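What follows is a set of notes on a single structure, which appears directly below.
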Amino acid sequence: MNQSYRLLQEEAGRCIGCGFCESVCPTQPASGFSEFMGARGRILISRELLRRLESGEDASALARSFYSCLDCYACLQVCPAGVNAGLASHYAKELLSGSSAPSLARMIERMVMKYGSIVPIGRRASRWARGLNIPRSGETLLYTGQMYQLMAYTSRLSALLHARFPGPDALASAVIRVPSLAFISNLFRDRKVASRMDEILRNIALLIKASGTDFFYLYEKEPYPGTLLNDLGFHDSFVSYAGKVVSLFRDVNARRIITVDPHTYDLLKNVVPSVVEGFDFEVLHYLEVIGGVEYKRSNGKFVFHEPCHLSRRFSGFSPAAEALGRAASFVLPEKNGQNTYCCGGPDELLFPRVAASVSERRAEQLAAASDADVVTACPVCLTTLSRRSRAVDISSVLLDSCIAGQER
């Protein structure tokens, strides 16, 4: 806690109050321009949080501002002082991660620590690999992180959590007390979405095979990476959980890990090495692996939505655009690259109305660029934008144009 306190103090202390960040923060207009639901507001509230913690006052009323942050880092792109309100929010969540955290956040932590995922998804997570004959051992591990698979639960689960009765706090508190209630979530699995996500994972595996790369998969032993433990500020739980995940990687003698989504890629590349000693795995995104795949350029045209975790955490992440450009034609919306606009998806479970508003605005921006189908490289972006746009995953476009893939 002391380190989080110091880091938050440093981040908030650099703010000069110019307000440039408010012009790009997606959650501010999505919340009706609430002062405390924008980037500058989060910095101001950070200072109040530090004061309350110092004086021993209750700080739980401040939590909403920090937990609604999308972690998109748009604020950092325009701040002349280099302040990152997303990082400030992360440190604040670490300081609030006990009883001051929202009940839904505490419920998610409980689920991950007990069942190894935000819902007890079990063997369903590996159904996509049936019939592909992927080996169970090797040096290069294909690690899905369960992100695509979990999209089958998000929208219906969010609707359940925010229903008027029993209400999110009551439901979350009940699940915290009786974790087995979480198995109810299996009743809210969207089979159509699940089938679509399984197909995308198969596409990714076939593209990697087309690149000539040998790989293996853990099937029912594959763990969730703990992304939401980190995102929601449960630092101690995340460190413990991440250590177990890394131990599994070592037990199966993996040397290289291929990830399939931006969030897991970011987590394993940037976060886990800082909390797990001796993390020496080579971490790649599958789009980096398939760079040598040949495509027959199609007549398809798309508008490309670049995920925040690729375009900002990795300075544009060129493999996505390079591969797409060789397979089809595409245009970019006005807000692109490091100035891309979040899809709103990270707020889906805790703040569904904010998420919907951000998503609607992004859909409008994409439509203004072109009436073509939207293509993206993130399961969260795909699921969120599909509710308002015709959206496809980049793997589908690439496999359709892949010369080797046409021989399936």
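My numbering puts the first residue of the sequence shown at 1, with every later residue one more than the last. By construction, the Cβ of each residue, glycine as well, lies at the ideal position given by its N, Cα and C atoms. As the structure is a prediction and not an experimental result, all values here were calculated from the model.
(request) Report yes or no: do the stretch 13-28 and the stretch 76-93 share at least 3 C-beta pairs separated by less than 8 Å? (result) Output reads yes: the stretch 76-93 touches the stretch 13-28.
(message) Looking at the strands, I want to know which residues DSSP matches up with Leu141.
(response) Within the sequence shown, residue 141 is the residue found at index 141, counting from 1. In DSSP, Leu141 forms a bridge with Phe216, Ile257.
(request) Answer yes or no: do Tyr67 and Leu350 have a C-beta to C-beta separation smaller than 9 Å? (result) To locate residue 67, count along the sequence shown from 1; it is residue 67. To locate residue 350, count along the sequence shown from 1; it is residue 350. In contact: Tyr67 and Leu350 (Cβ atoms closer than 9 Å).
(request) For Leu207, count neighbouring Cβ atoms within 10 angstroms of its own Cβ and tell me buried if that reaches 16, exposed if not. (result) To locate residue 207, count along the sequence shown from 1; it is residue 207. It is buried - the Cβ of Leu207 has at least 16 other Cβ atoms within 10 Å.
(request) For Arg408, I'd like the list of residues in its chain whose CB is within less than 8 Å of its CB, leaving aside the five on either flank, ordered along the chain. (result) The residue you call residue 408 lines up with position 408 of the sequence shown. With a pLDDT of 47 at Arg408, under the threshold of 50, the modelled position of this residue cannot be trusted; read the value that follows with caution. Result list for Arg408: Leu206, in chain order.
(request) Reducing DSSP to helix, strand and coil, say where Phe304 ends up. (result) Position 304 of the sequence shown holds residue 304. Three-state result, Phe304: strand.
(request) Tell me whether Thr340 sits in a helix, a strand or coil according to DSSP, three-state version. (result) What you label residue 340 is simply residue 340 of the sequence shown in a count that begins at 1. Thr340 carries a coil assignment under DSSP once its states are collapsed to helix, strand and coil.
(request) Can you say whether Leu398 is buried or exposed, counting buried as having 16 or more other CB atoms within 10 angstroms of its CB? (result) The residue given as residue 398 occupies position 398 in the sequence shown. Result: buried.
(message) By the DSSP assignment, the alpha helix (DSSP H) with Ala372 in it spans what residues?
(response) As a first step, residue 372 must be located in the sequence shown, where it is residue number 372. Ala372 -> no alpha helix (DSSP H), and no H or E assigned at all.
(message) Just to confirm, is the Cβ distance from Asn270 to Arg313 under 9 Å?
(response) Your numbering for residue 270 matches position 270 in the sequence shown. Your numbering for residue 313 matches position 313 in the sequence shown. Contact: yes.
(request) Could you tell me the boundaries of the beta strand (DSSP E) in which Glu282 lies? (result) Translated into the one-based positions of the sequence shown, residue 282 becomes position 282. Following the DSSP letters along the chain, one finds Glu282 inside the beta strand (DSSP E) bounded by residues 282-285.
(message) For Ser329, list the residues DSSP reports as bridge partners.
(response) Here residue 329 refers to the residue found at position 329 when the sequence shown is read from its first residue. Note: Ser329 sits in a beta bridge opposite Lys301.
(request) Could you name the residues that DSSP lists as bridge partners for Cys402? (result) Taking the sequence shown and counting its residues from 1, the one referred to as residue 402 is at position 402. According to DSSP, which records beta bridges pairwise, Cys402 is partnered with Tyr295.
(message) Could you check whether Ala101 and Phe188 sit closer than 9 Å to each other, using their CB atoms as the reference points?
(response) Taking the first residue of the sequence shown as 1, we reach residue 188 at position 188. Taking the first residue of the sequence shown as 1, we reach residue 101 at position 101. Between Phe188 and Ala101, the gap from beta carbon to beta carbon reaches 9 Å or more.
(message) Please list the terminal residues of the continuous beta strand (DSSP E) segment that includes Asp393.
(response) Working through the sequence shown from its first residue, we reach residue 393 at position 393. Its beta strand (DSSP E) spans residues 391-393.
(message) I need the straight-line Cα distance from Glu282 to Ser89, nearest angstrom please.
(response) Your numbering for residue 282 matches position 282 in the sequence shown. Your numbering for residue 89 matches position 89 in the sequence shown. When rounded, the distance between both Cα atoms is 29 Å.
(message) Please tell me whether Ser185 and Glu348 are closer than 9 Å, where the distance is taken between their beta carbons.
(response) Within the sequence shown, residue 185 is the residue found at index 185, counting from 1. Within the sequence shown, residue 348 is the residue found at index 348, counting from 1. Contact: no.
(request) Assign Tyr148 to one of three DSSP states: helix, strand, or coil. (result) The residue you call residue 148 lines up with position 148 of the sequence shown. Three-state result, Tyr148: helix.
(request) Below 8 Å on the Cβ atoms is my guess for Phe249 versus Gly138; work out the distance and round it to an integer in Å. (result) Residue mapping note: residue 249 aligns to position 249 of the sequence shown, counting from 1. Residue mapping note: residue 138 aligns to position 138 of the sequence shown, counting from 1. The C-beta distance from Phe249 to Gly138 rounds to 12 Å, too long to meet the 8 Å contact threshold.
(request) Along the alpha helix (DSSP H) that carries Gly13, what are the first and last residues, could you check? (result) Along the sequence shown, read from residue 1 onward, the residue named residue 13 stands at position 13. 2-13 is the extent of the alpha helix (DSSP H) around Gly13.
(request) Going by CA-CA distance only, name the one from Gln149, Ser117, Arg387, Arg6 that's closest to Ala355. (result) The residue labelled residue 355 in the question sits at position 355 within the sequence shown. Nearest C-alpha to Ala355: Arg387.
(request) Kindly indicate which residue of Gln77, Gly345, Ser237 has the alpha-carbon position closest to the one of Thr27. (result) Here residue 27 refers to the residue found at position 27 of the sequence shown. For Thr27, the nearest C-alpha among the options comes from Gly345.
(request) Identify every run of the alpha helix (DSSP H) within the stretch 184-230, keeping only runs that are complete inside it and at least 4 residues long; order them along the chain. (result) The stretch 184-230 is shown to contain whole alpha helix (DSSP H) runs of 4 or more residues at 191-210, in chain order.
(request) Starting from the Cα of Pro120, find the closest Cα among Lys93, Glu54, Arg110 and give me that residue. (result) As a first step, residue 120 must be located in the sequence shown, where it is residue number 120. Comparing Cα-Cα distances from Pro120 to each of Lys93, Glu54, Arg110, the minimum goes to Arg110.
(message) Any contact between the stretch 255-262 and the stretch 273-292? By contact I mean 3 or more CB pairs, one from each, below 8 Å.
(response) Judged by Cβ distances under 8 Å, the stretch 255-262 makes contact with the stretch 273-292, as three or more pairs qualify.
(request) Measure the alpha-carbon distance for Phe238 versus Val275 and round it to whole angstroms. (result) Position 238 of the sequence shown, counting from 1, holds the residue named residue 238. Position 275 of the sequence shown, counting from 1, holds the residue named residue 275. Approximately 9 Å, taken between the alpha carbons.
(request) Please say whether Phe304 and Ala323 have beta carbons closer to each other than 9 Å? (result) For the purposes of this step, residue 323 is taken as the residue at position 323 of the sequence shown. For the purposes of this step, residue 304 is taken as the residue at position 304 of the sequence shown. No; because the gap between Cβ atoms is not below 9 Å, this pair is not in contact.
(message) To the nearest angstrom, how far is the alpha carbon of Lys296 from that of Ala377?
(response) The residue given as residue 296 occupies position 296 in the sequence shown. The residue given as residue 377 occupies position 377 in the sequence shown. Spanning the two alpha carbons is a distance of roughly 20 Å.
(request) Kindly indicate which three-state DSSP category Gly86 falls into: helix, strand or coil? (result) Locating residue 86 in the sequence shown gives position 86, counting from the first residue. Helix.
(request) Using three-state DSSP, classify Phe317 as helix, strand or coil. (result) As a position in the sequence shown, residue 317 is number 317, starting the count at 1. In the structure shown, Phe317 sits in coil (DSSP, three-state: anything other than H, G, I, E or B).
(message) Restricting to Cα atoms, I'd like to know which of Leu232, Ala372, Asp400, Cys343 is closest to Leu382.
(response) Counted from its first residue, the sequence shown places residue 382 at position 382. It is Cys343.
(message) Spatial neighbours of Glu10 within its chain, please: C-beta separation below 8 Å, excluding the five flanking residues on both sides.
(response) Locating residue 10 in the sequence shown gives position 10, counting from the first residue. Within the same chain, no residue comes within 8 Å of Glu10 by CB-CB distance, once the 5 residues on both sides are set aside.
(request) Tell me whether the beta-carbon of Val112 lies closer than 9 Å to the beta-carbon of Cys75. (result) For the purposes of this step, residue 112 is identified with residue 112 of the sequence shown, where counting begins at 1. For the purposes of this step, residue 75 is identified with residue 75 of the sequence shown, where counting begins at 1. Using a Cβ distance threshold of 9 Å, Val112 and Cys75 do not count as a contacting pair.
(request) Would you please state the rounded distance, in angstroms, between the beta carbons of Arg106 and Ile176? I believe it to be under 8 Å. (result) If you number the sequence shown from 1, residue 106 lands on position 106. If you number the sequence shown from 1, residue 176 lands on position 176. Between Ile176 and Arg106 the Cβ distance is about 6 Å, and since that is below 8 Å, they are a contact.
(request) Note down the Cα distance separating Tyr143 from Lys244, rounded to an integer number of angstroms. (result) The residue given as residue 143 occupies position 143 in the sequence shown. The residue given as residue 244 occupies position 244 in the sequence shown. If you take the alpha carbons of Tyr143 and Lys244, they lie about 15 Å apart.
(request) Could you tell me the distance, in whole angstroms, from the CA atom of Gly19 to the CA atom of Met37? (result) Residue 19 sits at position 19 when you count from the first residue of the sequence shown. Residue 37 sits at position 37 when you count from the first residue of the sequence shown. Their Cα atoms are separated by approximately 13 Å.
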